[in-house]
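Trainee:
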Amino acid sequence: MQAVGVDLGGHKVAAGLVEGNSIRIRKKLEERTSPTREPAPVIAQIARMARDLGAGENVPVGICIPGGIDAARERAMMITNFPGWNGLPLRRMFEDAVGGFAVIENDANAYALGEGFAGAAKGMTDYVVLTLGTGIGGGVVAGGRLLTGAHGIAGELGHMVLGHDEPCGPGCGGLGHFEALCGADALERKAREMRLGQGQENLPVLKDLWLMRDDPAVASFWDFALDHIARGIATLVHVFDPQIMIVGGGLRKGVGFMELLKTRIFRYLGEPFKQTMNLCSSTLDTDAPIFGAAASALARRSRAPL
Ligand SMILES: [Zn+2]
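Take 39 as the starting number for the sequence shown in my numbering and just add one per residue.
#1: Is residue 206 near residue 200, with beta carbons less than 8 angstroms apart?
#2: Return helix, strand or coil for residue 116, following the three-state DSSP convention.
#3: Using a Cβ-based criterion (distance less than 7 angstroms to any ligand heavy atom), does residue 197 qualify as near ligand 1?
#4: Would you say the segment 290 to 309 touches the segment 92 to 111, given that touching needs at least three Cβ pairs under 8 angstroms?
#5: With contact counted as at least three CB pairs below 8 angstroms, one residue from each stretch, are the segment 53 to 64 and the segment 319 to 339 in contact?
#6: Pick from 153, 64, 132 and 340: whose alpha carbon is nearest that of residue 163?
#7: Is residue 210 near ligand 1 - that is, is its Cβ less than 7 angstroms away from at least one heavy atom of it?
#8: Buried or exposed: where does residue 169 fall if 16 or more other Cβ atoms within 10 Å of its Cβ makes it buried?
#9: Compute the Euclidean distance between the alpha carbons of residue 249 and residue 260, then round it to the nearest angstrom.
#10: Output the distance between the C-alpha atoms of residue 84 and residue 44, rounded to the nearest integer angstrom.
#11: So, with DSSP's three-state summary, where would you put residue 124?
#12: By alpha-carbon positions, which one of 187, 95 and 174 ends up nearest to residue 289?
#13: Tell me which residues share the same chain as residue 180 and place their Cβ nearer than 7 angstroms to its Cβ, disregarding the 5 neighbours each side in the sequence.
#14: So, is the C-beta of residue 235 closer than 8 angstroms to a C-beta in chain D?
#15: Pull up the DSSP beta-bridge partners for residue 83, would you.
#16: Could you say if the segment 312 to 323 and the segment 137 to 148 meet the contact criterion of at least three C-beta pairs nearer than 8 angstroms?
#17: Return helix, strand or coil for residue 334, following the three-state DSSP convention.
#18: According to DSSP, simplified to helix, strand and coil, what is residue 205?
#19: If we ignore side chains and look at the alpha-carbon of each, how far apart do residue 314 and residue 282 end up?
#20: May I have the straight-line CA-CA distance separating residue 177 from residue 254, to the nearest angstrom?
#21: Excluding the five sequence neighbours on either side, which residues of its own chain have a C-beta within less than 7 angstroms of the C-beta of residue 291, listed in chain order?
#22: Would the beta-carbon of residue 298 fall within 8 angstroms of that of residue 264?
#23: Is it buried or exposed for residue 194, if we count other Cβ within 10 angstroms and need 16 for buried?
#24: Identify every run of the beta strand (DSSP E) within the segment 130 to 214, keeping only runs that are complete inside it and at least 3 residues long; order them along the chain.
#25: For residue 313, name the three-state secondary structure that DSSP assigns.
#26: Rounded to a whole number of angstroms, what is the C-alpha to C-alpha distance between residue 82 and residue 158?
#27: State buried or exposed for residue 188, treating a residue as buried only when at least 16 other CB atoms are found within 10 Å of its CB.
#28: Should residue 97 and residue 132 be called a contact, given that it needs their Cβ atoms to be closer than 8 angstroms?
#29: What first and last residue would you give for the beta strand (DSSP E) that runs through residue 283?
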C-alpha cells in the first residue's frame, strides 16, 4: 500500500511517496511554492508533483495545509497568507486535479499523525506533539484518534493562554497566547527588546543566543522561554495523560535544551505525572507532515478512524 503525502508551506512544497508501514520516504520532491500563492496555480503545482510521485487512481494523496480546515475535512477555513483560499472545497478540488482519492489535513495535525505512523509515537494511541518553531503548533491523539473538536479546529496548542496581554499573530488576534510568548518570532523580538547580543555584527538569532546562555542577561531570557514552554507542556501532560510527549521544531535542537526543559517541566508536574511523563524529540522532523498526510490518506480511504 502506497500513498503520497504533500506538505504545503508558504515558501516550499514538499511531497513524498510513502509505503504503508515504512519509516522511509521512497521518493521525495521539493519546489518553491507558486509565488502568488493563489489557489489555481498552487493546486496545479501540487497535483503535478503528486502525480509525478505516482498519485492517481491507485495511490491516494494527502495534502496538509498551513491553516484551519472544517470538521468534515473538506474545506479550508482559515489559511493566513494564502489569498482566496478560505471556504474552498479543497478536498474535492485536489481529487479533481490529481485524478484519484485525496484528503486534506491541517499541517500541525499531520505532523502529529506522522509521528504516530512512523516516528516516535509509532503504534501508540495517546500522545501529544508540540512543535516549537516560528509558530507553535502540534496535535493531540487520544484513544487512537486525532482530536479535532466540534468544529475541526481543536489541538491549537500554540494558542493556550500562558501570558497576559501579549498580542498573538494577525491570523489569531487573541492575547497572551503561548505562541505570542515563545514562538521563534516572539522570542527574537523579546531578545531585541532586552538588547541581547547588540555588540554582534548581526541581530542575534536563537541558535546564537542558546550558545551564549551562560551570560547572565541571556540566561534570564532563556529562563523566561524555558519556564513558559515547561508550563505549557506540564499543562498538556496533565490534561491528556499521554504515553509520550513529543517536541519538534528548531528550538529543541540546541545542545542540552531538552534536558533543561525536562528538569523545568518536573517543577510543575503533579504526582503521579512525574512518574509517567515521557518527553522525547521528534524523530521525523520536517518529514513528519508528509508521513502524516500520507497516513491520513491511507486510513481514510480504508475508512479507519484517524
Ligand atoms: Zn493565538
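Glycine included, C-beta positions come from ideal geometry on N, C-alpha and C.
Quick caveat, the model's predicted, so the values are computed rather than measured.
Mentor: Let me lay it out:
#1: In the sequence shown, counting from the first residue as 1, residue 206 sits at position 168. In the sequence shown, counting from the first residue as 1, residue 200 sits at position 162. No; because the gap between Cβ atoms is not below 8 angstroms, this pair is not in contact.
#2: Translated into positions along the sequence shown, residue 116 becomes position 78. Residue state, collapsed to three classes: strand.
#3: As a position in the sequence shown, residue 197 is number 159, starting the count at 1. Yes, Cβ of residue 197 sits closer than 7 angstroms to a heavy atom of ligand 1.
#4: no
#5: yes
#6: Counting from one through the sequence shown, the residue named residue 163 turns up at place 125. It is 153.
#7: Here the question's residue 210 lines up with position 172 in the sequence shown. Yes, Cβ of residue 210 sits closer than 7 angstroms to a heavy atom of ligand 1.
#8: Counting from 1 along the sequence shown, the entry for residue 169 is found at position 131. That one is buried.
#9: Counting from 1 along the sequence shown, the entry for residue 249 is found at position 211. Counting from 1 along the sequence shown, the entry for residue 260 is found at position 222. Going by the C-alpha atoms only, they are around 11 angstroms apart.
#10: Taking the first residue of the sequence shown as position 1, residue 84 is located at position 46. Taking the first residue of the sequence shown as position 1, residue 44 is located at position 6. Straight-line Cα distance between these residues: approximately 7 angstroms.
#11: Taking the sequence shown and counting its residues from 1, one reaches residue 124 at position 86. Of the three classes helix, strand and coil, the one that applies to residue 124 here is coil, per DSSP.
#12: As a first step, residue 289 is located in the sequence shown; it is residue number 251 there, counting from the start. Looking only at 187, 95 and 174, the smallest Cα-Cα distance to residue 289 is reached by 174.
#13: Translated into the one-based positions of the sequence shown, residue 180 becomes position 142. Non-local C-beta neighbours of residue 180 in its own chain, meaning closer than 7 angstroms and more than five positions away in sequence, comprise 164 and 278, ordered along the chain.
#14: Going by chain labels, chain D is absent from the structure shown, which holds only one protein chain.
#15: Within the sequence shown, residue 83 is the residue found at index 45, counting from 1. Partner(s): none; residue 83 has no beta bridge.
#16: no
#17: In the sequence shown, residue 334 corresponds to position 296, counting from 1. Residue state, collapsed to three classes: helix.
#18: Stepping through the sequence shown from its first residue, residue 205 is reached at position 167. DSSP places residue 205 in strand when its eight states are reduced to three.
#19: Mapped onto the sequence shown, residue 314 falls at position 276. Mapped onto the sequence shown, residue 282 falls at position 244. Each residue's alpha carbon lies about 9 angstroms from the other.
#20: As a first step, residue 177 is located in the sequence shown; it is residue number 139 there, counting from the start. As a first step, residue 254 is located in the sequence shown; it is residue number 216 there, counting from the start. Straight-line Cα distance between these residues: approximately 35 angstroms.
#21: Taking the sequence shown and counting its residues from 1, the one referred to as residue 291 is at position 253. Taken in chain order, the list of residues that qualify is empty.
#22: One-based indexing of the sequence shown puts residue 298 at position 260. One-based indexing of the sequence shown puts residue 264 at position 226. In this structure, residue 264 lies closer than 8 angstroms to residue 298 by Cβ.
#23: Your numbering for residue 194 matches position 156 in the sequence shown. Burial call: buried.
#24: 140 to 144, 165 to 170 and 174 to 180
#25: Counted from its first residue, the sequence shown places residue 313 at position 275. Looking at residue 313 - three-state DSSP - the assignment turns out to be helix.
#26: Mapped onto the sequence shown, residue 82 falls at position 44. Mapped onto the sequence shown, residue 158 falls at position 120. Approximately 33 angstroms between the Cα atoms of the pair.
#27: Reading the sequence shown from its first residue, position 150 is the one you call residue 188. Exposed is the call here.
#28: The residue you call residue 97 lines up with position 59 of the sequence shown. The residue you call residue 132 lines up with position 94 of the sequence shown. Result no, Cβ atoms of residue 97 and residue 132 do not sit closer than 8 angstroms.
#29: Within the sequence shown, numbered from 1, the residue matching residue 283 stands at position 245. Residue 283 -> beta strand (DSSP E) spans 282 to 286.
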